[in-house]
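Beneath this line is the structure, given in structure tokens, with notes to follow.
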Amino acid sequence: MNKRWERTDWFREARFGMFIHWGLYAIPARGEWVRSVEKLSNEAYEPYFREFRPDRYDPRAWARAAKAAGQQYAVLTTKHHDGFCLFDSEFTDYKATNTPAQRDLIKEYVEAFRDEGLKVGFYYSLIDWHHDDYPAYGDRIHPMRDNEAYANRSIQFERYVDYLHAQVKELITNYGKIDIMWFDFSYDDMTGEKWRATELVNLIRSLQPDIIIDNRLGGDIKKSEPEVYAGDFYSPEQIVPPGGIVDENGLHVPWEACITLNDNWGYHAKDYAYKSPKQVVRALVECVSKNGNMLLNVGPDARGEIPAESTRILSSVGEWMRRNGESIYGCGASSLPKPEWGRYTQNGNMLYAHVFDRGIGPIYFQGLKGKIKKARLLADGSELKVSTPWMAEHYSDTESGAFIHLTGAELPDDMDT
Ligand code: FHN
């Protein structure tokens, strides 16, 4: 992959991360946009601040759940759109240390995940429904024009941007090495230099030169000469981009699809629409087969626990990853055409055939006649007889399909180059 993406080497190796949306909104338990959707005033939302007491918060348990799933990094909301800070910020009173929690929840998260060997990322909302100088409140309305609630107020948006920069500086100064800064989100003309994004990214890079930043500050990461703040990876949401992500010259751009495990980012008491382990595995394989990562979200409850159903699914995915992770970590797209029966991932001259829809009879490996030296079923290491281009051997289907490790010196180059 070209030099521009060097910072993302570890990220493209890791392929699979945990997204964590957690904050006051876990108390109403109707998702992280509850304040906007239900147009809750500061006063109506205030009780959640006074009540927030996550007595079961144990970030080490979160880290172990991520590890059990085979996730290599995590991104936790330090501040979501409601403006509540999980970290002990000097620039606001609206923070976890001033609630009954009385803890710097971010400090504990960083220590726990690092201790468990995972890389740590911070999500930080550009939008802030609590700050007096951030005029957009509730719906995604334009802050400067349409908001009569602020029309005659002397809001000073630049003062909010100063606050944003000061808090980001706290986050990348006070918690040691941070691996990812995940901003969310620019929209309409609220993008780029509205956030003084060049100044912000230069600050971040001066203090943490190895950190990677998503593309939601604005700009266009697909340009061959992008804005300073265009980011190190593209961040599609709730979708695996059909053809992966390429720049204006058709060259691969690092990307990460963020996906919910159920239908909400933040905790929702009535959310039963969980994806199955098979759906998660197939989405992860699809991301990697297109040179991308997957950031799979959990929404802990108000007491600080990841919902049991989420943990169950993560554990089941981890069972698959323990046997087949070699076909994910460090892998990327193959130049072979997508086979009818599933997907390929590749790492150098190791080709991994993810057989999802086996059909009847042997497997056909189009374009590989005479090129497969040996085949092993990743799940148990057993040999598969190969009479290319047919796979004559039978094998047991696993829940997410059989995974065959094919090697051969003349295999087509992988495309993650
Ligand atoms: O509005 C947020 C949403 O709550 C959530 O944080 C997602 C995660 O990527 N980002 C925004 C919607 O695009």
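The C-terminal position of the sequence shown is numbered 420 in this note's numbering, with every residue numbered one higher than the one before it.
Cβ atoms here follow ideal geometry from the backbone N, Cα and C, with glycine treated the same way.
Keep in mind the model is a prediction, meaning the values are calculated, not measured.
Practice task
Please report how far the alpha carbon of tyrosine 28 lies from the alpha carbon of glutamate 240, in whole angstroms.
Solution key: In the sequence shown, counting from the first residue as 1, residue 28 sits at position 25. In the sequence shown, counting from the first residue as 1, residue 240 sits at position 237. So the alpha carbons of these two residues sit roughly 21 Å apart.
Handout entry: Closer than 7 Å: methionine 258 CB and nearest the ligand FHN heavy atom
Key = Stepping through the sequence shown from its first residue, residue 258 is reached at position 255. In the sequence as presented, methionine is not what sits at residue 258; that position holds tryptophan. For the ligand FHN, not one heavy atom lies less than 7 Å from the Cβ of tryptophan 258.
Handout entry: Buried or exposed by the 16-neighbour rule on C-beta atoms within 10 Å, applied to serine 390
Key = Residue numbering aside, residue 390 sits at position 387 when the sequence shown is read from its first letter. With fewer than 16 Cβ atoms within 10 Å of its Cβ, serine 390 is classed as exposed.
Problem - Pairwise C-alpha distance: phenylalanine 19 and alanine 286 - result: By 1-based counting over the sequence shown, the position of residue 286 is 283. By 1-based counting over the sequence shown, the position of residue 19 is 16. Near 11 Å, if we compare the C-alpha coordinates of phenylalanine 19 and alanine 286.
Practice task
Starting from histidine 357, trace the beta strand (DSSP E) both ways and give me its first and last residue.
Solution key: In the sequence shown, the residue the question calls residue 357 occupies position 354. First-last of the beta strand (DSSP E) with histidine 357: 353 to 358.
Practice task
Return the CA-CA distance between aspartate 135 and threonine 95, expressed in angstroms with no decimal places.
Solution key: As a position in the sequence shown, residue 135 is number 132, starting the count at 1. As a position in the sequence shown, residue 95 is number 92, starting the count at 1. Answer to the nearest angstrom: the Cα atoms are 11 Å apart.
Practice task
Return the chain-ordered list of same chain residues with a C-beta closer than 7 Å to the C-beta of threonine 81, the five sequence neighbours on each side being excluded.
Solution key: Numbered from 1 along the sequence shown, position 78 holds the residue referred to as residue 81. Cys88, Leu89, Phe90, Ile109, Phe125, Tyr126, Tyr127, Leu174.
Practice task
Using 7 Å as the cut-off, classify the Cβ of phenylalanine 188 as near or not near the heavy atoms of the ligand FHN, replying yes or no.
Solution key: Taking the first residue of the sequence shown as 1, we reach residue 188 at position 185. Phenylalanine 188: yes, Cβ under 7 Å from the ligand FHN.
Handout entry: beta strand (DSSP E) segment containing cysteine 290, residue limits
Key = Within the sequence shown, residue 290 is the residue found at index 287, counting from 1. No beta strand (DSSP E) holds cysteine 290; the alpha helix (DSSP H) holding it covers 280 to 292.
Practice task
Have a look at serine 39 and glycine 364 and give me their C-alpha separation to the nearest angstrom.
Solution key: Position 36 of the sequence shown, counted from the start, is the residue given in the question as residue 39. Position 361 of the sequence shown, counted from the start, is the residue given in the question as residue 364. Computed Cα separation, rounded: 55 Å.
Practice task
State yes or no: is the C-beta of glutamate 41 nearer than 7 Å to some heavy atom of the ligand FHN?
Solution key: Residue mapping note: residue 41 aligns to position 38 of the sequence shown, counting from 1. For the ligand FHN, not one heavy atom lies less than 7 Å from the Cβ of glutamate 41.
Problem - Closest Cα partner of alanine 47 within the set Arg10, Ile23, Phe188, Asp85 - result: Mapped onto the sequence shown, residue 47 falls at position 44. Nearest option by C-alpha distance: Asp85.
Exercise for the section: Return the first residue and the last residue of the alpha helix (DSSP H) that asparagine 45 is part of. Expected result: The residue you call residue 45 lines up with position 42 of the sequence shown. 45 to 54 is the extent of the alpha helix (DSSP H) around asparagine 45.
Exercise for the section: Classify phenylalanine 116 as helix, strand or coil using the three-state DSSP reduction. Expected result: Numbered from 1 along the sequence shown, position 113 holds the residue referred to as residue 116. Three-state DSSP puts phenylalanine 116 in a helix.
Handout entry: Inter-stretch contact (C-beta, 8 Å, three-pair minimum) for the stretch 319 to 339 and the stretch 275 to 295
Key = yes
Problem - Contact test: cysteine 334 Cβ vs the ligand COA heavy atom, cutoff 7 Å - result: As far as ligands go, the structure on display features the ligand FHN and does not contain the ligand COA.
Handout entry: Endpoints, the beta strand (DSSP E) within which glutamate 259 is located
Key = What you label residue 259 is simply residue 256 of the sequence shown in a count that begins at 1. From DSSP, the beta strand (DSSP E) with glutamate 259 extends over 258 to 263.
Problem - glutamine 349 - partner residues in DSSP beta bridges - result: Translated into positions along the sequence shown, residue 349 becomes position 346. DSSP lists Gly335, Leu354 as partners of glutamine 349.
Problem - Contacting residues, own chain, Cβ-Cβ under 6 Å from serine 399 (five flanking each side not counted) - result: Stepping through the sequence shown from its first residue, residue 399 is reached at position 396. With a pLDDT of 49 at serine 399, under the threshold of 50, the predicted position of this residue should be treated as unreliable, and no value is reported.
Exercise for the section: Run the CB neighbour count on serine 189, radius 10 Å, all protein chains shown included, and call it buried at 16 or more, exposed below. Expected result: Indexing the sequence shown from 1 puts residue 189 at position 186. With 16 or more Cβ atoms within 10 Å of its Cβ, serine 189 is classed as buried.
Exercise for the section: Thinking leucine 210 and threonine 176 are a contact (beta carbons under 8 Å), I'd like their distance in whole angstroms, please. Expected result: The count along the sequence shown starts at 1 and reaches residue 210 at position 207. The count along the sequence shown starts at 1 and reaches residue 176 at position 173. Right, their Cβ atoms sit about 6 Å apart.
Practice task
Kindly indicate the opening and closing residues of the alpha helix (DSSP H) around phenylalanine 236.
Solution key: Within the sequence shown, residue 236 is the residue found at index 233, counting from 1. Note, phenylalanine 236: premise wrong, no alpha helix (DSSP H); not H, not E.
Problem - Neighbour-count burial assignment, tryptophan 13, 16 or more Cβ in a 10 Å radius - result: Your numbering for residue 13 matches position 10 in the sequence shown. When all chains shown are included, tryptophan 13 counts as exposed.
Exercise for the section: Could you tell me whether the stretch 375 to 383 touches the stretch 299 to 306, using the rule of 3 or more Cβ pairs below 8 Å? Expected result: no
Practice task
Could you have a look at arginine 219 and say whether DSSP puts it in helix, strand or coil?
Solution key: Indexing the sequence shown from 1 puts residue 219 at position 216. Looking at arginine 219 - three-state DSSP - the assignment turns out to be coil, as it is neither helix nor strand.
Handout entry: Status (buried if at least 16 other CB within 10 Å, exposed otherwise) for arginine 1
Key = Absent from the structure is residue 1, since the part of the chain shown begins at 4 and ends at 420.
Handout entry: Chain-order list of residues whose beta-carbon lies under 8 Å from that of aspartate 118 (same chain, five-residue window excluded)
Key = To locate residue 118, count along the sequence shown from 1; it is residue 115. The residues are Arg63, Ala66.
Handout entry: Contacts around glutamate 402, its chain only, beta-carbon distance under 6 Å, and the 5 residues preceding and following it disregarded
Key = Indexing the sequence shown from 1 puts residue 402 at position 399. In this prediction, glutamate 402 has a pLDDT of 39, which is less than 50 and means its spatial position is unreliable; what the coordinates show is noted afterwards. Cβ within range, chain order: Lys281.
Practice task
Determine which residues share a DSSP beta bridge with serine 128 and list them.
Solution key: The residue given as residue 128 occupies position 125 in the sequence shown. DSSP, once it has assigned bridges, lists Asp187 as partnering serine 128.
Problem - Neighbour-count burial assignment, tyrosine 275, 16 or more Cβ in a 10 Å radius - result: In the sequence shown, counting from the first residue as 1, residue 275 sits at position 272. With fewer than 16 other Cβ atoms within 10 Å, it is exposed.
Exercise for the section: Measure from the alpha carbon of proline 342 to the alpha carbon of each residue in Ser319, Glu322, Ile158, Leu371, then state which is nearest. Expected result: The count along the sequence shown starts at 1 and reaches residue 342 at position 339. Comparing Cα positions, the closest option is Leu371.
Problem - Distance between alanine 68 and glutamate 114 (C-alpha atoms, nearest Å) - result: In the sequence shown, counting from the first residue as 1, residue 114 sits at position 111. In the sequence shown, counting from the first residue as 1, residue 68 sits at position 65. Roughly 15 Å separates the two Cα atoms.
Practice task
Please confirm whether any heavy atom of the ligand FHN lies closer than 7 Å to the CB of glutamate 119.
Solution key: Here the question's residue 119 lines up with position 116 in the sequence shown. No, Cβ of glutamate 119 sits at least 7 Å from all heavy atoms of the ligand FHN.
Exercise for the section: Compute the Euclidean distance between the alpha carbons of phenylalanine 55 and alanine 99, then round it to the nearest angstrom. Expected result: Numbered from 1 along the sequence shown, position 52 holds the residue referred to as residue 55. Numbered from 1 along the sequence shown, position 96 holds the residue referred to as residue 99. Phenylalanine 55 and alanine 99: Cα-Cα distance of roughly 8 Å.
Practice task
Give the straight-line distance between the Cα atoms of isoleucine 216 and cysteine 261, rounded to the nearest whole angstrom.
Solution key: For this step, residue 216 is matched to residue 213 along the sequence shown. For this step, residue 261 is matched to residue 258 along the sequence shown. Cα-Cα distance, rounded: 14 Å.
Handout entry: Residue nearest to histidine 133 in terms of C-alpha spacing, selected from Leu254, Pro212, Tyr97, Asn5
Key = As a first step, residue 133 is located in the sequence shown; it is residue number 130 there, counting from the start. Comparing Cα positions, the closest option is Tyr97.
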